[in-house]
Amino acid sequence: MTSFFGRLKSGTSPASPASSNPPAKKDPHAPQLTPLEKLLADAGPIRGDGSDKFFGFENFGSTCYCNSIIQCLYYSVPFREQVIHFPSRSPPEALERPANAPLPRLNTDLMPTANGQNSALSPKGRNSVSSPSTASPRKPVTTPGGAVNPQATKPEDNKDSPEYKKKQALAAGPVLTMDYENSKAYGMSESLFTSLKDIFEAIIAHRSHIGVVSPHKFLEILRRENEMFRTAMHQDAHEFLNLLLNEVVENVEHFSKSRIQEIGHSEANGLTVNSGVVVPDRTSTMSSTTGWVHELFEGTLTSETRCLTCENTSQRDEAFLDLSVDLDQHSSVTSCLRKFSEEEMLCERNKFHCDNCGGLQEAEKRMKIKRLPKILALHLKRFKYTEDLQRLQKLFHRVVYPYYLRLFNTTDDAEDPDRLYELYAVVVHIGGGPYHGHYVSIIKTQDRGWLLFDDELVEPVDKAYVRNFFGGANALACAYVLFYQETTEEAMQRELEDEGLAAAKQATEATAETVTVTTPKANGVVNGHPLMHSTTPIAEQDNHFASLSHAPTAPLLPHEHNSLDHIATSIPILGTRKSNLQSKKEKAERAKEEKERKAQEKELEKQAKQKRKEMETQRRENYRRQEEELRQALAASRLTANEENKKRYEGTGVDHEKEAEKANGFGSKTGLSRFRHSSMSLRHKPKFWPGGKDKHDESGEHDTPSIPGVDTEGGSATPLATPDKAEKEKKNRFSLGRKKSTFHL
Amino acid sequence: MFVLPPPPRYPAAGYPGAPGTQLIETNNTLTHPTGPENQLVVGEGTYVLRDDLHLATPPPHPSEAPVHNPNPLATTISPPSAGTKLSLVVLAPRLQSNSRLYRLDTSTSTRSQVPPSIQESPHESTSQASDSGSHSANGIAPTPLEGLHAPAFGSQNPSLAVLNGKDTKDPLKKRKPKSNIVKSNSSFVSRVIPHEALSKRLQEHNPNGLYAFANVNRALQWLDLTSPTKEEHLTKILFTKAHALCHDVNHISKAPNHIDFVMGFSTGDVIWYEPMSQKYVRINKNGVINGSAVSDIRWLPNSENLFLAVHMDGSLVVYDKEKEDALFVAENQAESGDLAAHEKEKKAALTVKKSVNSKNQKTNPVAYWKVSNSKINAFAFSPDCRHIAVVSEDGSFRIIDFLKEQLLHQYMSYYGGMLCVCWSPDGRYIVTGGQDDLVSIWSLEDSMLVARCQGHNSWVTAVQFDPWRCDERNYRIGSVGEDCRLLLWDFSVGMLHRPRAASVRQRNSVTSATLKMQRSRTEGSTTRLRSNSNLTSGSVLDEEEVVHPVEPRARTAMLPPVMAKTVDEHPLCWLGFEEDCIITSCNSGHIRTWDRPKEGAGSDDAPSTTSASASAGASNA
């Protein structure tokens, strides 16, 4: 019901794009705003921080694991900022770059026409593409009847199916084909990090709020460097997250080290490599802390092991980037975390090597969180190895997760043990087992509420939707990775208040709708007034016309006339029913008359409809024109304002350019460089780089700079693992699970 | 590596045991599972599962044909629904549910002919803080008559009193609703299925026997829990689309041939139903007063006509069962300046959209308050009939003086929404449960968090005091949750002074509870003053006093359960303590009855339904 009304509304809303051809409402292919487009209808100019970009990711066959995780990371605001700002560059050079390098190469192959005619790729522009005439050449034109009947058609043809929507999204574009790499521009060697950065930058730089990314290069690098992900098979999203985070850490650290070296060299030689990109200023390079991944995702676990033989307790700290927790049927995330920290017996095959009494001993072990991460990535171990089946099996346990969370399993000396977390992203696995299925993510965006990211498809969802993935007997789709981020009580209060207000607003709108809709339906109910039937819809129509500036002219008249006619005819009918005395002839005649009249009525109605439609299109056209004018005026005013600004402020020139592009619908320069006007060097206080260490002391190097957070947060933290252990764990330092975890094979 | 053929991404049928959409009406089933896994072992003895009554889930209404959507990501929002909850009533005169629960010895008086007008106890709280000082320390039981101090809701309002006066003219004749539900042609009610021998069964019903009303999906069943054929419903009502989310029986107006029963629906509608005569009236029809779902509903204590429904948009609405609906517009009252002041300090205020003292009392609502914009999950009246405790999805827990229409306290959960709330029989403590997996105990007179009870493995969906195991110093609390478990907690006043809690408190003395306690003591007098003055002084309440911050974990006592047991295969949603049993119910319609331990010779197989009803009749043998 509501969706019907939503559609109706969108059809009549002045912002709707139907412009060139008269809108045929019965046409199933009529351009309709997608829910996302509706949501973004009031989106203003593109922001520089990427918080108003909602791009889908193309699926190249089982690459949804990658798409869902990248989306989660993109909307981890601090992570995105860091990725963008990481190798800090000075703004002027950044501006220079597009000139000599073909960067950013935003591929527009898929839709050259649209691009040419309407380069302001706002939601409006894209609609012209998704209209039936141009967009669906591949798809055999389905008849309206076929679309209605889902059984008879392929899933892609059902308009409500995700397959269809994805195709539409891909067809609508704009598609960012990320088959290039800019690593050189960052002064880095090609890596997962640089290609992730490429993707983020391309998204942010693009003029459209929506679109689709084709992460070719990213997957290429991923597959080149990791055998595991080389097949086209279904992969584990959590493993990928882990790999990606570790890779990013490594790439960033590697870069920083080589940078220091390089700068040393260049200063010695008096020449800079890639001078156009690299900031020659030594201090600003220092300022970009390499430990930002650690600062965001890393927490510290303390494992206390008590040897049952000598009663000696040994402690060991381990860093983690995410926590993998075992699941129980009908449990909560809270309880899974508590279970994680419950005492565990180390015995039999799993004995503990006690340094005190020497040799393998039985011991008790428990792991608690000593330092809480800023972003808590929780991996629910839904894939469990079962002995009798000799393979992994998916657990469909119902595990509830709250929107807000605190951790019970902290150590007594943990700093801020009552830290409040809020849920902001959920990776959902859909499917019956670990070897196949699909991943999507549901993410809370900064100011657009919760959105569902299903490969190419991006759709706004209700907050309550997040709770659909607890799992359970009938649930094919269950939450697999949960992202919680640090927040404050005040922020929580504010947000809940806002949410409540929004909900209240929505509710009043909804009731306004349902009153008109349900009254006729429910009114037969107890003391039905048939009059209600007629009154409500008319009132609604009146509303329609009220918004018309030139409403009270021609088209209304036949309508009124019409209704009068109706009454006139209806009286004789009553008469016929009551009096059986009348002859059949008369009846027949009357029936004939009746028919004719009805036909006439229909004709009139048709005409009226036609007129109404025409009026509507006219009205829309007018509105659009007005809007256009307004926008141009605004743009012009901004232009002048910017020009003034430009004199004293070089950086904002970019802004003005962008504005102009948007308004006038042209502009050959890409806006990629936009975000650079805020130079990163200001964001971080120059910190002393522990540069005394040089690169060959690799393991040590890995440990120390990785925890700058500890340094700043207080010296109470005990030192990390001994270097040799760290070396041992170097590759998979952070894939932390308990020893007894069965999943990591 | 394994090469498995990838199954279709969205299989047509769901995975393990897809919801086989049942299309025929089925009957309730009664089973008697036995064995050690169906026993609850606690200090006082062993509770044994008497039986498991499974209410049949009705098939969907033909007009609401199940649209099978194979897409697990479908973004359609399903309307709110609720697991099976029960409203229990014994027709023989006894104390009303709120006040009958006082001490162990009240259980005897329960069966005696104590007139329902006398209330037990309310330990008067902040509003009468001068008394509370003397009581709280030594736990002297207040006299039963003290409860009469609490004036009836809306008693100051002459325009309400007129109607009340009408009632007293003919006190014996109970007013029935207007329409017959069986003959109704309402599209709201789909079908009514009375038992073939309904009148016979009603005659045979033991006046001390237990009637129950239970919702399951779109059905509501009226059951006789003491009948030998208790699986056969007395009446089953199927609603077309709406689900009954909550319901309550009026314990004041009940009579051998009369039960006032109200239920709140997912559509916002409320139905007042009298099952004996099969009459009903629909209130807030099509959400004319408030369009959001009703999440909890209760009769006002000591009122025959008024009930309070909380709506999911954060409103609390008092309705009169006999008044007509009228389109509701928030009233701008004389003290609008005061209202504005309330709204300014937003968080700490109760927005009175229509006061009970409003002159316009010809139509519903009688009163209309709003606490916040977030969904209210549950509420409970205090035994002294002055306060309501309201818990919401945003994690807030509020204590409201509903007679004065004033917010007294606002607390926050440790994290996540709060789902359930309950008062101790003496009104001193309030217990809440929520999405932090905790049962939290709050003290009204000290206005502080007393303890957090950790033991559930998932969200806590219902909490109850067991009045038969409570006295002045010791309290038995029961809780059930999404983890399918029933937990029992013993909480004693002495526990408060346990070294751990005490030492912890001293350590952080600066801002901590001791200071707060003192403050609340001293400020009690100011509150009293205020309570004597008029309503407008409410704005004097400073926010700090009303809004309480979250207590850090290090500062609160943790209480372990005395018993924890999985009692169902499905998440539980309701819990009730009766004199001879504990009753639990779950989301999919299983009602399980657990017999209390037998004193003396324990023969486990003894409790048949007949003996149970007999024991229920013979007070304390």
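In the order they appear, the protein sequences are chains L and U.
Just so we're aligned, residue 226 is where the first sequence starts under the working numbering, counting upward by one.
Just so we're aligned, residue -8 is where the second sequence starts under the working numbering, counting upward by one.
Where a beta carbon is used, it is the ideal one built from N, C-alpha and C, also for glycine.
Check: Cβ neighbours of LYS245/U in the same chain (closer than 8 Å, five flanking residues each side left out); Outcome: VAL80, LEU82 and ASP251
Check: Residue nearest to ALA397/L in terms of C-alpha spacing, selected from TYR389/L, GLY436/L and GLY275/L; Outcome: GLY436/L
Check: Continuous beta strand (DSSP E) stretch holding LEU444/L: start and end; Outcome: Note, LEU444/L: premise wrong, no beta strand (DSSP E); alpha helix (DSSP H) at 441 to 450.
Check: Residue environment, CYS291/L, which counts as buried when at least 16 other CB atoms sit within 10 Å; Outcome: buried
Check: Validate contact between the stretch 348 to 363 of chain U and the stretch 144 to 151 of chain U using beta carbons, cut 8 Å, 3 pairs; Outcome: yes
Check: Test: TYR359/U CB closer than 8 Å to a CB of chain L; Outcome: no
Check: N-terminal and C-terminal residue of the alpha helix (DSSP H) that ARG192/U is part of; Outcome: 189 to 195
Check: Chain-ordered chain L contacts of ASP474/U [CB-CB under 7 Å]; Outcome: HIS555 and SER556
Check: Supposed contact pair LEU40/U and PRO24/U - C-beta distance, whole angstroms, cut 8 Å; Outcome: 6 Å
Check: Inter-residue Cα distance where the pair is GLY282/U and GLY305/U; Outcome: 12 Å
Check: Interface partners of TRP450/U on chain L, CB under 7 Å; Outcome: SER557 and VAL625
Check: Backbone secondary structure at ASN448/U - three-state DSSP; Outcome: coil
Check: Cβ-based neighbour list, ALA321/U, same chain, cut-off 6 Å, excluding 5 preceding and 5 following; Outcome: LYS344
Check: Cβ-based neighbour list, PHE256/U, same chain, cut-off 8 Å, excluding 5 preceding and 5 following; Outcome: PHE230, ALA233, HIS234, ALA235, LEU236, ILE262, ALA284 and VAL285
Check: Chain L within 8 Å of PRO70/U, Cβ atoms only; Outcome: no
Check: ASN374/L classed as buried or exposed, judged by whether at least 16 other C-beta atoms fall within 10 angstroms; Outcome: Because ASN374/L carries a pLDDT of 40, less than 50, the predicted location of this residue cannot be relied on, and the following value inherits that uncertainty. Exposed, since its Cβ has fewer than 16 Cβ neighbours within 10 Å.
Check: Contact under 8 Å by Cβ, GLY286/L with ALA457/L; Outcome: yes
Check: ASP679/L: contacting residues in chain U (beta-carbon distance under 9 Å); Outcome: LEU64
Check: Interface flag, LEU410/U vs chain L, CB-CB below 8 Å; Outcome: no
Check: Spatial distance of GLN718/L from GLN401/U (CA atoms); Outcome: 13 Å
Check: For ASP311/U and VAL412/U, the rounded distance between their alpha carbons; Outcome: 24 Å
Check: Secondary structure of TYR411/L, DSSP reduced to three states; Outcome: helix
Check: Residue nearest to ASN634/L in terms of C-alpha spacing, selected from SER528/L, LEU707/L and LEU571/L; Outcome: SER528/L
Check: Span of the beta strand (DSSP E) around CYS413/U; Outcome: 409 to 414
Check: Closest by C-alpha distance to ILE428/L, when choosing among SER414/L, CYS297/L, ASN284/L and PHE280/L; Outcome: PHE280/L
Check: Close Cβ partners of GLU714/L (< 7 Å) along its chain, the five nearest in sequence each way excluded; Outcome: LEU645
Check: C-beta atoms of ALA210/U and LYS227/U nearer than 8 Å; Outcome: yes
Check: Among HIS561/U, ASP385/U, ASP417/U and ILE390/U, nearest to ALA716/L - alpha-carbon criterion; Outcome: ASP385/U
Check: Beta-ladder partner(s) of LYS557/L, from DSSP; Outcome: It should be pointed out that residue 557/L corresponds to Ser in this sequence rather than to Lys. DSSP lists VAL625/L as partners of SER557/L.
Check: Option nearest VAL624/L by Cα separation, candidates ARG856/L, LEU447/L, VAL558/L and PHE708/L; Outcome: VAL558/L
Check: Range covered by the beta strand (DSSP E) that runs through PHE279/L; Outcome: 279 to 282
Check: Neighbourhood of TYR649/L by C-beta distance below 8 Å, restricted to the same chain and skipping five residues each side; Outcome: TYR300, SER301, ILE668, LYS669, PHE708, TYR709 and GLN710
Check: ASP215/U, enclosing beta strand (DSSP E) - first and last residue; Outcome: 210 to 215
Check: Boundaries of the beta strand (DSSP E) in which GLN426/U is found, first to last residue; Outcome: That residue, GLN426/U, is in no beta strand (DSSP E); it is neither H nor E in DSSP.
Check: Start-end ranges of the beta strand (DSSP E) lying completely within the stretch 610 to 696 of chain L, minimum 3 residues; Outcome: 616 to 619, 645 to 655, 663 to 670, 674 to 679 and 682 to 685
Check: Inter-residue Cα distance where the pair is GLN540/L and CYS532/L; Outcome: 11 Å
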